[in-house]
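Visitor:
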Amino acid sequence: MDGDGLWEEYLSAGANRQASVADWSRNGLLAFGADVNIALWRPAAYPPRGIERILSSHQEAVKAVLFLPQHDEDESTYIVSGSDDETLILWKSTGGGHSFQVIRSSSEHAAPVNCITAVRVADERAKWIIATGAADATIKMWSFENDHLQLLQSIKTTPKFFPLALSLSVIDGDVLILAAAGTRETVQILTADLNSPRIDFSLQATLSGHEGWVRSLSFTKQTSEAGGDLLLASASQDKYIRIWRIHHGPELPALAAPGSDPYGGAFVPGKSPSNKAHRLKTAGKEFCVTFEALLLGHEDWIYSARWKTRADGKLQLLSASADNSLAIWEADPASGIWVSIARLGEISREKGATTATGSAGGFWTGLWSPSGDSVACLGRTGSWRRWEHDSSTDTWEPCVSITGHTKAVTGISWAKGGDYLLSTSSDQTSRLHTRWTASDAGTWHEMSRPQIHGYDLNCIDSLGDSRFVSGADEKLMRVFSEPKAVATLLRRLAGFGREDVQDMPDAANMPVLGLSNKAIDAVADDQEIQPVDDGDREAMDPASVVRKSYLEIDHPPFEETLSRHTLWPESEKLYGHGYEISCLAASHDGKLIASACKASSTNHAVIRLFETEKWTEIRPPLVAHSLTATRLRFSVDDKYLLSVGRDRQWAVFERNTDIDAMYQLLQSNAKGHSRMILGAAWAPPAQAPLFATAGRDKQVRIWSSRAGEAGKLRFTQTASFPCGGPVTSVDFLSTVVGEKLVLAVGTEAGKVGICLVSEDGQAVTELPSRPELNLPRAVLQLAWRPPTREINESVYTLAVAGEDSSLRLISLNESHLRAL
Numbered sequence: 001m002d003g004d005g006l007w008e009e010y011l012s013a014g015a016n017r018q019a020s021v022a023d024w025s026r027n028g029l030l031a032f033g034a035d036v037n038i039a040l041w042r043p044a045a046y047p048p049r050g051i052e053r054i055l056s057s058h059q060e061a062v063k064a065v066l067f068l069p070q071h072d073e074d075e076s077t078y079i080v081s082g083s084d085d086e087t088l089i090l091w092k093s094t095g096g097g098h099s100f101q102v103i104r105s106s107s108e109h110a111a112p113v114n115c116i117t118a119v120r121v122a123d124e125r126a127k128w129i130i131a132t133g134a135a136d137a138t139i140k141m142w143s144f145e146n147d148h149l150q151l152l153q154s155i156k157t158t159p160k161f162f163p164l165a166l167s168l169s170v171i172d173g174d175v176l177i178l179a180a181a182g183t184r185e186t187v188q189i190l191t192a193d194l195n196s197p198r199i200d201f202s203l204q205a206t207l208s209g210h211e212g213w214v215r216s217l218s219f220t221k222q223t224s225e226a227g228g229d230l231l232l233a234s235a236s237q238d239k240y241i242r243i244w245r246i247h248h249g250p251e252l253p254a255l256a257a258p259g260s261d262p263y264g265g266a267f268v269p270g271k272s273p274s275n276k277a278h279r280l281k282t283a284g285k286e287f288c289v290t291f292e293a294l295l296l297g298h299e300d301w302i303y304s305a306r307w308k309t310r311a312d313g314k315l316q317l318l319s320a321s322a323d324n325s326l327a328i329w330e331a332d333p334a335s336g337i338w339v340s341i342a343r344l345g346e347i348s349r350e351k352g353a354t355t356a357t358g359s360a361g362g363f364w365t366g367l368w369s370p371s372g373d374s375v376a377c378l379g380r381t382g383s384w385r386r387w388e389h390d391s392s393t394d395t396w397e398p399c400v401s402i403t404g405h406t407k408a409v410t411g412i413s414w415a416k417g418g419d420y421l422l423s424t425s426s427d428q429t430s431r432l433h434t435r436w437t438a439s440d441a442g443t444w445h446e447m448s449r450p451q452i453h454g455y456d457l458n459c460i461d462s463l464g465d466s467r468f469v470s471g472a473d474e475k476l477m478r479v480f481s482e483p484k485a486v487a488t489l490l491r492r493l494a495g496f497g498r499e500d501v502q503d504m505p506d507a508a509n510m511p512v513l514g515l516s517n518k519a520i521d522a523v524a525d526d527q528e529i530q531p532v533d534d535g536d537r538e539a540m541d542p543a544s545v546v547r548k549s550y551l552e553i554d555h556p557p558f559e560e561t562l563s564r565h566t567l568w569p570e571s572e573k574l575y576g577h578g579y580e581i582s583c584l585a586a587s588h589d590g591k592l593i594a595s596a597c598k599a600s601s602t603n604h605a606v607i608r609l610f611e612t613e614k615w616t617e618i619r620p621p622l623v624a625h626s627l628t629a630t631r632l633r634f635s636v637d638d639k640y641l642l643s644v645g646r647d648r649q650w651a652v653f654e655r656n657t658d659i660d661a662m663y664q665l666l667q668s669n670a671k672g673h674s675r676m677i678l679g680a681a682w683a684p685p686a687q688a689p690l691f692a693t694a695g696r697d698k699q700v701r702i703w704s705s706r707a708g709e710a711g712k713l714r715f716t717q718t719a720s721f722p723c724g725g726p727v728t729s730v731d732f733l734s735t736v737v738g739e740k741l742v743l744a745v746g747t748e749a750g751k752v753g754i755c756l757v758s759e760d761g762q763a764v765t766e767l768p769s770r771p772e773l774n775l776p777r778a779v780l781q782l783a784w785r786p787p788t789r790e791i792n793e794s795v796y797t798l799a800v801a802g803e804d805s806s807l808r809l810i811s812l813n814e815s816h817l818r819a820l
């Protein structure tokens, strides 16, 4: 918690699907690319926490993240990152914390940076050689010393390929060796003399044998003894891993002697064993590269291979594959044959789950913890999985990891009681986040994934504590009801929810070819499941069957549980719009839903109302706008409905139960802003109804009401203030603090600000901004948490949905606001 009473309580973001996107440092910090950001996470923290910090400086998706190799006594930690924005950035943190600062950046590459590797070349001082590979078909060599980055060499790949994997090492003390591979089936070996006045890498050998692109390379020393051999692992899309030995001296190593079988006795169609030796000469020294072993076992592309030397000196290799599995390989002491000693991930008959029902879609990278007793991997959904080794039983046990959206977070909504937060995103998922109160730390986690969809989701709102409605790039809205399995889970882990769950459906899953979640009965663990019948559109994927034991857990669900077994059944579809749903709002009493769709004419720019008892549309629709309505908000007492749109207009409708439409236009302002209006919010009940609007004209305007003719309210502008850029979202805290209204403001540039507004709307005070709370991209929605049943009522929490794929909870003390 910050000393001034303002802090980030929860950070959530999914990882980018790249093989080089993450690294795990010696001090236990795991860094990964999350959209344009770098997220920092301590996997071994207990109780499990989410992301500690988000670093923002890149302009496009981060593809490669690497901690520079360090010693235990080093005071500083460095991260090197590369991105689609063609830049390389060096970050520095002192004292082992997570407060990294940008110290150097370079734009030498002319295309996205795909991979980074580095080697420390001086123990007595901090000096590294760094290699970067990019989609400009070049590899650039850098020297980094005393916080200064220097370009040493730019190597054009010949024959031309785009580097996807690099690994750098030192052999025999003063020879630098670089392995490079990518969009070809070969691995290139380049060397340089470390003691030369000018480090200059030259191509020495091209290793052939793979039959697909090479996705990962990793060097390791076979032993800690000086002069020992190097081993290189290369992982390819041909489903195989090859191990190569780099030996000092002109003679071949014993293992490559005539008659040995590098294929370990395995039959590989179309292959004949080849022990061809490649000769290298650098700095007056000779080396040879021989093929050591072929690792068979994965059934799909292999994205990642990483070495680890155990405390007892034994070498292990961790591989991650698109077949949804991690494998740990070790050489058999007796025969020397490499075998898989552990297999983690989805290796059951349920592996063939469709992506519609949340299949992992493969593992993109695998990482060892610093101690080697834990591994983590990243899947297609952007979520992490982690296992820890239990030495007493020699088993790998799954652990709580982190999850997050992988595309823009387009909508957020608190449950009416404030117990949980719903978020929805262009990644076609809706997620439920709440506090794990059963843990000592009370940390926030994703506890359910109610909706996995086939369209980008645009908006969401709660209809109470166990129902919600969402809208997507389709012409209808869908209503979801909480299932018994999730309600029981939330009650056990988060301490809220209905005790009486008998009338709820057990669980939900999704037809193989459908978009609608169907209510189903959970089954016992020993119940046999019938296979999918391809001729039945309503057939269920066996992998999506919910077994009762899946959610009988005492920790936040793992990713495979979230993505398959925490769906909510769909209870209703609401039709009527002609184009993609742009926004929706549920009344505070949960009895009405207002919605709008994308529109370029008055006919389609109408606002449709649906009642939630029989789920019918209330006609006629409400007419005010000529272009897309961008935001709809009900006043706290549901007496008024406010709409704003791209036509620069705001409109207020007043409730009138005497007419069929239930609401009638009270007032509209065709010139509410000089550019399109993107945000709107009602203030909590005070002296008189008051609302705020925000627009692309860089203004937030406050509109206050007074009685007009025949007692009808009229709204007039009483204040406005500039924000330095287009404003995308506003929201009022539902509580008056010290006779002031609290307004949160989010801008297109990512700034999150808080203003205090007088109850009459006449005066606005902007509080000092906190740059570290800003997002690198637009704030798409803000939502204050409603008053909850929690004891600590003096803390207010603001949810922030970002275009940068992040979801953030910012909390502040009431005393902090009163002091200002």
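Going by the UniProt record's numbering, the sequence shown wraps up at 820, each residue one higher than the last.
Glycine residues also receive a C-beta, built at the ideal position from the N, C-alpha and C atoms.
The structure presented is a predicted model; accordingly, all values stated were derived computationally and were not measured.
Can you grab the Cα-Cα spacing for the pair V112 / T183, in whole Å?
Guide: For clarity, residue 112 is Pro in the given sequence; the question names Val instead. Spanning the two alpha carbons is a distance of roughly 15 angstroms.
Visitor: Considering Cα atoms alone, identify which of V795, A594 and N669 is closest to R701.
Guide: Cα-wise, what sits closest to R701 is N669.
Visitor: Pull the bridge partners of A179 from the DSSP assignment, please.
Guide: Per DSSP, S167 and I189.
Visitor: Which of the three DSSP states is assigned to Q18 in this structure?
Guide: DSSP places Q18 in coil when its eight states are reduced to three.
Visitor: Check whether the segment 590-604 and the segment 547-563 are in contact - that is, three or more C-beta pairs closer than 8 angstroms.
Guide: At 8 angstroms Cβ cutoff, the stretches do not touch.
Visitor: Excluding the five sequence neighbours on either side, which residues of its own chain have a C-beta within less than 7 angstroms of the C-beta of E211, listed in chain order?
Guide: These residues qualify, in order along the chain: E185 and D238.
Visitor: Please state if the CB of V62 and the CB of V36 are separated by a distance shorter than 8 angstroms.
Guide: Contact: yes.
Visitor: Here's the rule: buried if 16 or more other CB atoms are within 10 angstroms of the residue's CB, otherwise exposed. What is Y46?
Guide: Answer is exposed; the Cβ neighbour count stays below 16.
Visitor: Would the beta-carbon of V170 fall within 8 angstroms of that of L217?
Guide: No, the Cβ-Cβ distance between V170 and L217 is not below 8 angstroms.
Visitor: Helix, strand or coil: which one does DSSP assign to T718?
Guide: It is a strand residue.
Visitor: Note down, one range per segment and in chain order, each alpha helix (DSSP H) of at least 4 residues found wholly within the segment 623-648.
Guide: For the segment 623-648, not a single whole alpha helix (DSSP H) run of length 4 or above is found.
Visitor: Between which two residues does the beta strand (DSSP E) holding T488 run?
Guide: Careful: T488 lies outside any beta strand (DSSP E), inside the alpha helix (DSSP H) at K484 to A494.
Visitor: How big is the Cα-Cα spacing for T132 and I38?
Guide: Near 18 angstroms, if we compare the C-alpha coordinates of I38 and T132.
Visitor: Expressed to the nearest angstrom, what Euclidean distance is found between the alpha-carbon atoms of D419 and D660?
Guide: So the alpha carbons of these two residues sit roughly 35 angstroms apart.
Visitor: Could you give the C-beta distance for I460 and S470, rounded to a whole number, given that I count them as a contact under 8 angstroms?
Guide: With a Cβ gap of about 5 angstroms, I460 and S470 count as contacting.
Visitor: Beta-carbon separation of W384 and S369 under 8 angstroms?
Guide: Contact: no.
Visitor: Since L642 and F721 should fall inside the 8 angstroms C-beta cutoff, what is the C-beta to C-beta distance between them, to a whole number of angstroms?
Guide: About 19 angstroms separates the two Cβ atoms, so there is no contact after all.
Visitor: Could you spell out where the beta strand (DSSP E) holding T77 opens and where it closes?
Guide: S76 to S83 is the extent of the beta strand (DSSP E) around T77.
Visitor: Tell me which residues share the same chain as H555 and place their Cβ nearer than 6 angstroms to its Cβ, disregarding the 5 neighbours each side in the sequence.
Guide: Closer than 6 angstroms at the Cβ level, and outside the excluded window around H555, lie V400.
Visitor: Count the CB pairs spanning the segment 551-570 and the segment 504-519 that are closer than 8 angstroms, and state whether there are at least three.
Guide: The segment 551-570 is in contact with the segment 504-519.
Visitor: Rounded to whole angstroms, what's the CA-CA distance from S107 to L665? Just pull it up for me.
Guide: Looking at the two C-alpha atoms, the distance is approximately 55 angstroms.
Visitor: State the Cα-Cα distance for the pair T488 and F496, rounded to the nearest angstrom.
Guide: Rounded to whole angstroms, T488 to F496 spans 9 angstroms at the Cα level.
Visitor: Grouping DSSP H, G and I as helix and E and B as strand, with all else coil, what is A256?
Guide: Here A256 scores only 44 on pLDDT, less than 50, and its place in the model is too uncertain to base an answer on.
Visitor: Candidates A749, T747, L767 and E748: which alpha carbon is nearest C755's?
Guide: Here the closest residue by C-alpha is L767.
Visitor: By DSSP, does A360 sit in helix, in strand, or in coil?
Guide: In this prediction, A360 scores a pLDDT of 48, lower than 50, which makes its location untrustworthy; the coordinate-derived value is nonetheless stated afterwards. In the structure shown, A360 sits in coil (DSSP, three-state: anything other than H, G, I, E or B).
Visitor: L367 bridges to which residues according to DSSP?
Guide: Paired residue(s): A376.
Visitor: Does DSSP classify G97 as helix, strand or coil?
Guide: Correct three-state label for G97: coil.
Visitor: Evaluate contact between the segment 624-644 and the segment 572-590, counting only Cβ atoms and requiring at least three cross-stretch pairs below 8 angstroms.
Guide: The segment 624-644 is in contact with the segment 572-590.
Visitor: Are there 16 or more other CB atoms within 10 angstroms of the CB of E292, so buried, or fewer, so exposed?
Guide: Counting Cβ neighbours within 10 Å, E292 comes out buried, since at least 16 surround it.
Visitor: Any idea which residues DSSP pairs C288 with across the strands?
Guide: H247 and R279.
Visitor: Touch check for the segment 322-333 and the segment 218-229: three-plus C-beta pairs under 8 angstroms?
Guide: The segment 322-333 vs the segment 218-229: no contact.
Visitor: In chain order, what residues of the same chain have a beta carbon less than 6 angstroms from the beta carbon of T87, not counting five sequence neighbours either side?
Guide: Only S105 and S107 meet the Cβ criterion.
Visitor: Less than 8 angstroms between the beta carbons of W329 and L344, yes or no?
Guide: No, the pair does not count as a contact, with Cβ atoms beyond the cut-off.
Visitor: Between H405 and S425, how many whole angstroms is the CB-CB distance? I'm expecting something under 8 angstroms.
Guide: H405 to S425, Cβ: 4 angstroms. Contact.
Visitor: CA-CA distance, D84 and A680?
Guide: Cα-Cα distance, rounded: 34 angstroms.
Visitor: L551 by DSSP, collapsed to three states: which one?
Guide: L551 falls in the helix class under three-state DSSP.
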